[in-house]
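For reference, the structure is listed below as structure tokens.
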Amino acid sequence: MQCPSLIKMRQIIIKKNIGTMLTTIPEPILKKKARKVTDFGKNLQFLIDEMIAVMRYGQGTGIAAPQVGESLRLIVVEHEDKLYVMGNPEITQSSIETEVNVEGCLSIPNIGANVERSTAVTVKGQDRNGKPIKIKVKGRLARIFQHEVDHINGILIVERAIDIWQIKEEI
Ligand code: ZN
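Under the numbering used here, the sequence shown is numbered contiguously, ending at residue 155.
Structure (structure tokens):
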């Protein structure tokens, strides 16, 4: 048995650690082109789980490995209760039609930006076990994939933004 207050304290400590795993600007790793994933073994599995935890902790809808300090071509996306894990993602097709909409980034706290993106994309890559996958996505999901693929190429929303504003921190 554990004392309830001790459990709560542990949860707070875990939460704090997860928060500190997040890489934020101006960390140079965020501006680097990430390396290809070649080994889908145990270490990568740990990294994927860590990325999922950090993304959810930050209430994000996507995260890329450089955002947890690993310069690897690996992304996680979560949209409408569906989780996507992709190694070596590549956008092979983008719609000519574009749309401007709001984005935020876990690595740039309290910033909102309007970014122009293709409304639909085809993404080719590998699943968490290294098996080749190809998906066609549109709308918000297509936007998230484009944002995360930008991350592994060292591109941040501040470079793509049509306009940027500061979000007041909630207390
Ligand atoms: Zn981001």
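Where a beta carbon is used, it is the ideal one built from N, C-alpha and C, also for glycine.
Counting other Cβ atoms within 10 Å of its Cβ, residue 71 reaches 16 or more and is therefore classed as buried. Taking C-alpha positions only, residue 9 is separated from residue 92 by approximately 6 Å.
For the stretch 35 to 110, the continuous beta strand (DSSP E) assignments of 3+ residues that do not extend past its boundaries occur at 46 to 48, 58 to 63, 66 to 78, 82 to 89, 92 to 102 and 104 to 110, in sequence order.
At least one heavy atom of the ligand ZN falls within 7 Å of the beta-carbon of residue 91.
Residue pairing from DSSP leaves residue 10 without any beta-bridge partner. Close CB contacts of residue 68 within its chain, under the 6 Å cut and outside five residues either way in sequence, are with 61 (chain order).
The C-alpha of residue 128 lies about 13 Å from the C-alpha of residue 74. Assignment of residue 118 by DSSP, reduced to helix, strand and coil, places it in the strand class. Looking only at 87, 66 and 46, the smallest Cα-Cα distance to residue 101 is reached by 87. Under the criterion of beta carbons closer than 8 Å, residue 148 and residue 142 qualify as touching, at roughly 6 Å. Restricting attention to 76, 104, 103 and 144, the CA atom closest to the CA of residue 118 is found in 76. In terms of CA proximity to residue 19, 135 leads the group 135, 38, 122 and 36. Around the beta carbon of residue 47, 16 or more other beta carbons sit within 10 angstroms, so the residue counts as buried. Between the ligand ZN and the CB of residue 63, the shortest heavy atom gap is not smaller than 7 Å.
Within the same chain, Cβ atoms closer than 6 Å to the Cβ of residue 97 are found at 87, 141, 145 and 148, the five residues on either side in sequence being excluded.
Per DSSP, residue 139 lies in no alpha helix (DSSP H) segment and is marked neither H nor E.
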